[in-house]
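Each remark here refers to the structure printed beneath this line.
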Amino acid sequence: MTLSMLAAAFAGCLGGDDDEDEKTTVKIGFLNPITGPLEPNAPVFTWSANEAINDLNAMYTDYNFELIEQDSGCDGAVAGPAAQTLVDSGVYAVVGAACSGASMAANGVLSAAGIPMISYASTNPGLSDASAYPMFYRNVPSDAIQGPAGADMMTDAGVADGALAVFGMTNDYGAGLADAVVDAWGSDKLCDVGRYDYAETDTDFSAIADQMA
């Protein structure tokens, strides 16, 4: 759906080719977390993107849609240079990134080149700031929406005040969602453990589990 949205936007404004034997090539960039914490998901993302490109080429016969894939690394330090590679490749628009931090870094490069991007997974509320992140779009709800919705669901499920603890990763994705849940629930209504922040690389949670026992 993400690629289809881009195609609908660009197919109408690029114009067709006067020569019926030639097709207009439309390069679409794809920032995929080929490395990093989401690496196991990358092959599925690649498959999905290629299937979408095939569908677009079947739908719009005057165009040749071409996917240009780069590794976002789920990391701004990787996504920024990757975005520049896409700019240099001549893409019209970019799908991705998945991780919020990667999208934030890539946006600085892409927006400076006048290239829009649409993410299928970046939910950090800050990305809704059009001044800070121009030409950024997404087809997933912001954490500012997910947080209150999650709090409402827990209330409906009977979770009482003083019975909730919030675990959040200390990255642009995890922190944003944890903040939104705590703000909606109320920090004074959490259990004794309250909020526990952890790094993506943490693997031992025995101490916090003991506190909650």
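Numbering (my numbering), first residue to last: 803 to 1015.
In this text, a Cβ means the ideal position worked out from N, Cα and C, and glycines have one as well.
Secondary structure in the region 886-960: the alpha helix (DSSP H) runs of 4 residues or longer, each lying completely within the stretch, are 902-914, 945-958 in chain order.
Within the DSSP secondary-structure output, residue 829 pairs in a beta bridge with 868. The Cβ neighbour count for residue 835, taken over all protein chains shown within 10 Å, is at least 16; the residue is labelled buried. In this model, residue 979 and residue 945 are separated by some 5 Å (Cα to Cα). Here residue 899 is near residue 881, since their CB atoms are less than 9 Å apart. For residue 969, the enclosing beta strand (DSSP E) begins and ends at 966-971. Within 10 angstroms of the beta-carbon of residue 1008 lie fewer than 16 other beta-carbons, which makes it exposed. The beta-bridge partner set that DSSP reports for residue 992 consists of 966.
No residue range can be given for residue 862, since it is assigned to no alpha helix (DSSP H) and is classified by DSSP as neither H nor E.
For the pair residue 858 and residue 902, the CB atoms are not nearer than the 9 Å cut-off. In the DSSP annotation of this structure, the continuous segment of the alpha helix (DSSP H) that includes residue 1008 starts and ends at 1008-1014. Around the CB of residue 987, 16 or more other CB atoms lie within 10 Å, so the residue is classed as buried.
Taking C-beta atoms as the reference points, residue 959 and residue 983 fail to come closer than 9 Å.
Two segments are said to touch when three or more pairs of C-beta atoms, one from each, lie closer than 8 Å; by this definition the region 963-970 does not touch the region 916-934. Here residue 873 is buried: its Cβ has 16 or more other Cβ atoms, across all protein chains shown, within 10 Å.
When Cβ pairs closer than 8 Å are counted between the two stretches, the region 836-850 is seen not to touch the region 885-894, the count staying below three. The Cβ atoms of residue 919 and residue 897 lie closer than 9 Å to each other.
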